[in-house]
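Enquirer: My structure is below; once you've seen it, I'll send some questions.
Chains as they are written, first to last, in the UniProt record's numbering: chain A, 1 to 299; chain B, 1 to 299; chain C, 1 to 299; chain D, 1 to 299.
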């Protein structure tokens with residue numbers, strides 16, 4: 001199985017070897033697109049997809065995401081990066097050039113509820129989630145068998161309020177060792193310390209089981225039941241220091257009715273949580289999410 | 001025009017003259033359905049549609065809504081009502097027998113934003129909203145022309161924090177004079193006093209421009225914009241003393257994205273508000289909504 | 001793992017041991033509900049949920065589904081069944097009394113595309129699909145590992161146009177041996193013979209990868225791409241002799257746009273197929289689907 | 001009323017006086033974006049929103065839509081148009097430069113069912129549909145009062161199979177006289193001749209009452225009812241010579257169930273038709289729809 005997944009990932013990397021992505025965020029001013037598109041043209045890169053957004057034409061921020069094809073891209077990446085520096089400085093750009101063939105390394109954190117992790121693994125096995133799942137960390141043993149069977153390292157790290165510092169030290173060491181790019185909290189029921197969060201700015205993706213900002217905090221399905229809402233939802237967001245207040249990446253809802261008890265809401269909710277988290281992760285992996293203030297721009 | 005609408009309503013009343021509805025709410029116990037269905041059978045009524053719900057089989061509440069056909073129903077209504085009393089007492093029922101042909105009388109309250117009222121009038125003219133719209137009350141003159149053109153009495157009653165008592169006195173007098181059954185707040189931007197609300201229990205339907213309980217209170221679109229949500233919504237609910245806390249009848253949402261400014265959210269929101277309110281009103285008019293605690297049961 | 005699933009299923013069976021379902025289909029006439037509800041009341045059964053539908057009050061068909069609780073139900077099943085016979089004859093009923101604790105036995109047929117089977121197994125492991133998955137049959141070896149790991153027997157039966165009779169003979173023998181109640185075609189890419197279909201009336205559930213009746217037949221995503229539709233869908237239906245013409249159980253759609261190539265439509269489609277099939281199977285397992293002519297009634 | 005609408009439209013035109021749109025369609029090749037963005041930059045235009053699409057990077061078609069702000073745009077339009085000619089020729093562009101402040105002139109065709117026209121007028125009165133509705137043409141008198149009350153000329157032109165040539169001659173003369181840019185068939189139940197269609201390429205927008213390609217042709221709701229679908233829909237498309245086969249602009253669906261009779265499907269369908277047509281018209285008016293082959297690109 002592990003071998004089959006490797007084959008899928010390798011075929012993808014080979015297939016996409018000349019595909020690059022350029023993400024830019026800078027103060028808006030005339031001429032940015034002209035300069036960037038001229039640069040790519042001059043270097044033999046053909047723009048395949050491009051999305052942009054200005055918060056406000058007069059003195060606002062400008063964002064652009066470009067996907068391009070460029071022959072011999074892997075060899076030319078360094079040259080492109082170095083030569084783009086001049087434009088970047090002229091326009092005060094915050095920017096990133098990445099290769100589609102360089103898959104992001106992912107760590108999944110999970111507790112006892114496994115449906116979100118299962119969805120990610122299901123999509124991954126089917127070739128619909130292009131990433132290198134490097135390890136799974138859990139404060140329970142429940143996920144071990146599923147994870148190891150796919151050839152993914154599984155680490156059981158008990159985590160409680162009391163041992164938080166020690167547990168996070170172990171986690172950080174593993175994340176560093178594996179050079180992790182993205183941390184996915186797939187219903188991981190522990191709070192992370194501000195230090196842990198600060199070490200991974202906009203690289204930790206959480207799934208919250210309500211349509212935020214409704215039902216921030218604990219037991220959202222119980223509270224949805226009490227309030228008698230006709231829709232329940234889930235929200236995937238980047239983790240920041242403020243609980244459930246980070247930039248929202250994706251949300252979705254489903255209808256419920258008066259016959260649904262709390263247990264039914266949880267069951268329906270599981271299927272929303274699964275798909276919302278999977279979409280948010282996919283967009284992040286494709287560099288489609290840009291954080292701006294406490295919001296996201298989705299390209 | 002007014003005549004065309006009268007014709008639609010009269011045809012409906014004639015067509016539905018033998019159609020009745022029985023709504024029951026009582027403590028759950030075995031034998032309720034058996035007793036009610038035997039009663040209807042013995043009186044020559046044929047059950048056309050029936051929905052029921054028990055909150056909890058052991059000692060909970062039981063709700064049932066039955067639509068039936070019964071020849072000569074208008075003549076037999078009194079007899080049915082009087083003879084059902086025995087069963088009602090045996091099972092401690094809170095109940096209501098109504099005739100579909102006896103249209104509810106509706107008053108619409110509106111301010112300057114007319115889209116919700118326009119939707120209701122559009123559905124009404126098209127024969128999709130079966131009610132007698134008896135009057136429109138507004139604290140502005142904007143709606144007058146549209147309303148009067150359809151032959152509906154329009155009453156301009158200025159309303160501010162200062163003259164609330166006086167304005168409500170006028171409103172109450174009109175509602176009484178017209179024997180109003182339902183009050184629809186179609187974006188009426190004034191707060192009603194507890195006395196006004198108490199005089200119309202679960203008969204005032206409001207549309208709030210957010211998916212409650214998110215963004216309770218003022219300026220929900222501005223706050224949705226600030227929070228960076230990916231979905232905006234609207235909620236129709238019965239008005240109670242707690243602002244935006246009454247039993248929810250219907251909610252819906254639409255997707256928005258980072259390009260949508262507050263003005264765009266409002267525009268998109270208008271179309272959600274319109275359809276959510278129209279659905280809630282329709283269900284109320286068809287006696288499909290039963291309030292239980294602070295929730296609604298929709299049959 | 002297999003043991004964990006057994007534990008989930010056993011806990012469910014114990015928990016639901018007194019829960020029964022009564023499904024009835026008969027010519028409509030007054031007094032049916034009165035008779036049935038009196039029967040249940042007299043036998044100490046308490047109605048928990050009830051749904052009914054009449055195609056046409058005058059001379060049409062009547063359908064009802066009742067869920068009830070009755071102490072010692074497993075012991076009393078035979079008695080209830082035998083005594084209900086009298087009412088059934090009086091009203092010419094086609095009827096079925098079943099126990100929730102007697103799980104249906106399921107066979108999954110699959111080919112090379114595994115996403116639908118994976119979804120069913122994921123829901124099953126999570127306790128969201130209550131059935132006894134007795135075996136998986138495939139004309140390819142791809143699914144073997146996943147299936148056997150869960151302790152489910154896997155049978156590889158090569159199937160081509162040429163060996164259809166022989167292959168179906170093997171399949172039928174396995175289905176008989178395992179006393180299968182439901183056959184799920186989870187993207188099984190072989191056509192079944194009329195004899196095979198006739199042997200399992202309304203017991204074979206298929207997933208078709210389009211919103212029927214659009215794109216009946218082969219290659220629906222290619223044709224959807226050619227037509228430039230803005231929505232793609234999937235349809236789950238009972239298999240009959242007419243290809244893709246059987247009674248529809250469930251359908252759903254997702255939005256697509258001009259950027260989506262055929263491969264993207266397939267990817268998006270996979271996630272619709274998964275959830276549509278899972279919902280249809282769940283409703284079938286809960287006896288919520290009644291076939292009437294070429295349509296389904298969903299309770 | 002008419003005056004209020006004029007005020008809304010005039011405020012919009014004043015507000016948007018410096019906003020322009022550039023739509024381009026040409027064979028794909030490197031350097032297009034670089035050239036266009038340099039041109040706009042050199043002429044003092046600031047790109048506010050830009051969307052592009054390539055059918056196929058190697059030898060395919062390239063499409064771009066740019067919204068820009070440029071001071072004194074109304075005065076500079078001619079200069080921009082003339083100077084862009086050089087780039088257009090170099091890249092073999094099919095292109096159009098338009099001013100947001102130059103509202104398109106619209107004619108609505110309607111028959112007896114008025115809900116789609118009412119929706120358009122409702123959005124228009126609310127400032128959500130920016131166009132100059134120049135006239136309404138109908139083969140019935142039903143719409144006259146509503147239309148004339150808003151100060152829009154109404155023309156009753158009886159249309160039957162027999163008098164088609166004569167009726168279309170009158171229609172064409174009116175369309176010419178009013179210099180109509182867009183024709184909206186808001187449930188106009190007459191077939192247009194190939195000559196009429198050919199005279200308005202991709203300028204006639206129809207609403208078909210099914211999710212095409214399901215239920216092409218007449219009586220789609222009756223056929224949807226017969227087939228037992230669980231979703232019904234509506235499709236807005238450009239009219240071409242092939243009935244219901246033109247490029248699709250927008251589609252949407254709503255759920256239905258076994259209780260819905262044909263009349264219910266029509267009622268539910270009316271609300272889908274209304275919103276689908278309104279969205280399609282809005283996108284067309286904002287130059288967001290580009291036809292490519294028999295499909296649309298929506299920017």
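Think of the CB as a built atom: it goes at the ideal place given N, C-alpha and C, for glycine as much as any other residue. Being a predicted model, the structure only gives us computed values, none of them experimental.
1. Does the beta carbon of residue 42 of chain D sit closer than 8 Å to a beta carbon anywhere in chain C?
2. I'd like to check one pair, residue 235 of chain B with residue 208 of chain B: are the Cβ atoms closer than 8 Å?
3. Beta carbon of residue 204 of chain C, beta carbon of residue 238 of chain C: below 8 Å?
4. Residues of the UniProt domain "ACT" (21-102) of chain B in Cβ contact with chain C at a cutoff of 7 Å, in chain order, please.
5. Over the uninterrupted alpha helix (DSSP H) stretch that includes residue 55 of chain D, give me the two end residues.
6. Within 8 Å, do at least three Cβ pairs link the region 110-128 of chain C to the region 79-89 of chain C?
7. Are there three or more Cβ pairs, one per stretch, closer than 8 Å when the region 11-22 of chain C is compared with the region 249-266 of chain B?
8. For chain C, is any of its Cβ atoms less than 8 Å away from the one on residue 213 of chain D?
9. Identify which residue in B/103, B/225 and B/159 has its Cα closest to the Cα of residue 188 of chain B.
10. By Cβ distance, which residues of its chain are closer than 6 Å to residue 104 of chain A, with the 5 residues on each side in sequence left out?
11. What is the DSSP secondary structure of residue 108 of chain C, counted as helix, strand or coil?
12. Quick one: grab the DSSP three-state call for residue 254 of chain D.
13. Going along chain C in order, which residues have a C-beta closer than 8 Å to the C-beta of residue 149 of chain A?
14. Run through chain D and tell me which residues come within less than 8 Å of residue 231 of chain C, C-beta to C-beta.
15. Taking all protein chains shown into account, decide if residue 25 of chain C is buried (16 or more other Cβ within 10 angstroms of its Cβ) or exposed.
16. Is it a yes or a no for the region 144-152 of chain C touching the region 3-14 of chain D, going by three-plus beta-carbon pairs under 8 Å?
17. For residue 297 of chain B, return the contacting residues in chain A, with the cut-off set at a CB-CB distance below 9 Å.
18. Taking the C-alpha atoms as reference points, what is the distance between residue 271 of chain C and residue 291 of chain B?
19. DSSP on residue 41 of chain D, reduced to helix/strand/coil?
20. What residues of chain D sit near residue 115 of chain B, judged by a beta carbon separation below 8 Å?
21. Kindly indicate if chain C contains any beta-carbon less than 8 Å away from that of residue 266 of chain A.
22. Grouping DSSP H, G and I as helix and E and B as strand, with all else coil, what is residue 225 of chain D?
23. Does the beta carbon of residue 271 of chain D sit closer than 8 Å to a beta carbon anywhere in chain B?
24. Strictly under 8 Å for the Cβ-Cβ distance: is residue 294 of chain C near chain D by that measure?
25. Check for me: the beta strand (DSSP E) holding residue 83 of chain D runs from which residue to which?
26. Quick one: residues in its chain with C-beta nearer than 7 Å to the C-beta of residue 298 of chain C, no 5 flanking neighbours on either side, listed in chain order?
27. Strictly by DSSP, which residues pair up with residue 155 of chain B?
28. Excluding the 5 residues flanking residue 127 of chain C on each side, which residues of the same chain have their C-beta closer than 6 Å to its C-beta?
29. In whole angstroms, what is the alpha-carbon distance linking residue 296 of chain D and residue 144 of chain B?
30. For residue 189 of chain B, does the three-state DSSP call read helix, strand or coil?
31. What does residue 247 of chain C reach in chain D if we use C-beta pairs closer than 7 Å?
32. Going straight from the alpha carbon of residue 165 of chain D to that of residue 222 of chain C, what length do you get?
33. On a Cα-Cα basis, can you pick out the residue from D/34, D/52, D/64 and D/71 that is closest to residue 45 of chain D?
34. Three-state secondary structure (DSSP) at residue 195 of chain A?
35. DSSP three-state call for residue 239 of chain D: helix, strand or coil?
Expert: Well, looking at it:
1. Start at 1 with the first residue of the fourth chain, and residue 42 of chain D comes out as number 42. So no, residue 42 of chain D is outside the interface.
2. Numbered from 1 along the second chain, position 208 holds the residue referred to as residue 208 of chain B. Numbered from 1 along the second chain, position 235 holds the residue referred to as residue 235 of chain B. Taking 8 Å as the Cβ cut-off, residue 208 of chain B and residue 235 of chain B qualify as a contacting pair.
3. One-based indexing of the third chain puts residue 204 of chain C at position 204. One-based indexing of the third chain puts residue 238 of chain C at position 238. Here residue 204 of chain C is near residue 238 of chain C, since their CB atoms are less than 8 Å apart.
4. 30, 31, 33, 34, 37, 38, 41, 46, 47, 48, 50, 52, 54, 57 and 69
5. On the fourth chain, position 55 is the one that residue 55 of chain D refers to. No alpha helix (DSSP H) holds residue 55 of chain D; DSSP gives it neither H nor E.
6. no
7. Taking a cut-off of 8 Å on C-beta distances, the region 11-22 of chain C does not touch the region 249-266 of chain B, as fewer than three cross pairs fall below it.
8. Taking the fourth chain and counting its residues from 1, one reaches residue 213 of chain D at position 213. Cβ-Cβ to chain C under 8 Å: yes for residue 213 of chain D.
9. Here residue 188 of chain B refers to the residue found at position 188 of the second chain. The shortest C-alpha separation from residue 188 of chain B is found at B/159.
10. Here the question's residue 104 of chain A lines up with position 104 in the first chain. Around residue 104 of chain A: 131, 181, 182 and 285.
11. Against the third chain, residue 108 of chain C aligns to sequence position 108. Here residue 108 of chain C sits in strand by DSSP.
12. Residue numbering aside, residue 254 of chain D sits at position 254 when the fourth chain is read from its first letter. DSSP places residue 254 of chain D in strand when its eight states are reduced to three.
13. In the first chain, counting from the first residue as 1, residue 149 of chain A sits at position 149. Those within 8 Å of residue 149 of chain A in chain C are 149.
14. Residue numbering aside, residue 231 of chain C sits at position 231 when the third chain is read from its first letter. Per Cβ cutoff of 8 Å: 211, 233, 251, 252 and 253.
15. Translated into the one-based positions of the third chain, residue 25 of chain C becomes position 25. It counts as buried.
16. Counting C-beta pairs closer than 8 Å gives fewer than three between the region 144-152 of chain C and the region 3-14 of chain D, which falls short of the contact rule.
17. One-based indexing of the second chain puts residue 297 of chain B at position 297. Within chain A, the residues near residue 297 of chain B are 257, 258 and 259.
18. Taking the first residue of the third chain as position 1, residue 271 of chain C is located at position 271. Taking the first residue of the second chain as position 1, residue 291 of chain B is located at position 291. Each residue's alpha carbon lies about 37 Å from the other.
19. Walking along the fourth chain from the start, residue 41 of chain D turns up at place 41. Correct three-state label for residue 41 of chain D: helix.
20. Position 115 of the second chain, counting from 1, holds the residue named residue 115 of chain B. Simply 122 and 126.
21. Position 266 of the first chain, counted from the start, is the residue given in the question as residue 266 of chain A. With 8 Å as the cut-off, residue 266 of chain A does not count as an interface residue toward chain C.
22. Taking the fourth chain and counting its residues from 1, the one referred to as residue 225 of chain D is at position 225. Residue 225 of chain D: helix per DSSP, three-state reduction.
23. Within the fourth chain, the letter at position 271 stands for residue 271 of chain D. True, the Cβ-Cβ gap to chain B drops below 8 Å.
24. In the third chain, residue 294 of chain C corresponds to position 294, counting from 1. Judged by the 8 Å Cβ criterion, residue 294 of chain C is in contact with chain D.
25. Position 83 of the fourth chain, counting from 1, holds the residue named residue 83 of chain D. That residue, residue 83 of chain D, is in no beta strand (DSSP E); its alpha helix (DSSP H) goes 73-90.
26. Locating residue 298 of chain C in the third chain gives position 298, where the first residue counts as 1. For residue 298 of chain C, where only same-chain residues beyond five positions count, the Cβ hits under 7 Å are 283, 288 and 289.
27. In the second chain, counting from the first residue as 1, residue 155 of chain B sits at position 155. B/137, per the DSSP bridge assignment.
28. As a first step, residue 127 of chain C must be located in the third chain, where it is residue number 127. Cβ within range, chain order: 8.
29. Translated into positions along the fourth chain, residue 296 of chain D becomes position 296. Translated into positions along the second chain, residue 144 of chain B becomes position 144. If you take the alpha carbons of residue 296 of chain D and residue 144 of chain B, they lie about 42 Å apart.
30. On the second chain, position 189 is the one that residue 189 of chain B refers to. Assigned with DSSP and collapsed to three states, residue 189 of chain B falls in coil, not helix or strand.
31. What you label residue 247 of chain C is simply residue 247 of the third chain in a count that begins at 1. Simply 228.
32. Start at 1 with the first residue of the fourth chain, and residue 165 of chain D comes out as number 165. Start at 1 with the first residue of the third chain, and residue 222 of chain C comes out as number 222. If you take the alpha carbons of residue 165 of chain D and residue 222 of chain C, they lie about 40 Å apart.
33. Indexing the fourth chain from 1 puts residue 45 of chain D at position 45. Closest option to residue 45 of chain D, Cα to Cα, is D/71.
34. Indexing the first chain from 1 puts residue 195 of chain A at position 195. DSSP places residue 195 of chain A in the helix class (H, G or I) of the three-state scheme.
35. The residue labelled residue 239 of chain D in the question sits at position 239 within the fourth chain. If DSSP states are grouped into helix, strand and coil, residue 239 of chain D belongs with coil.
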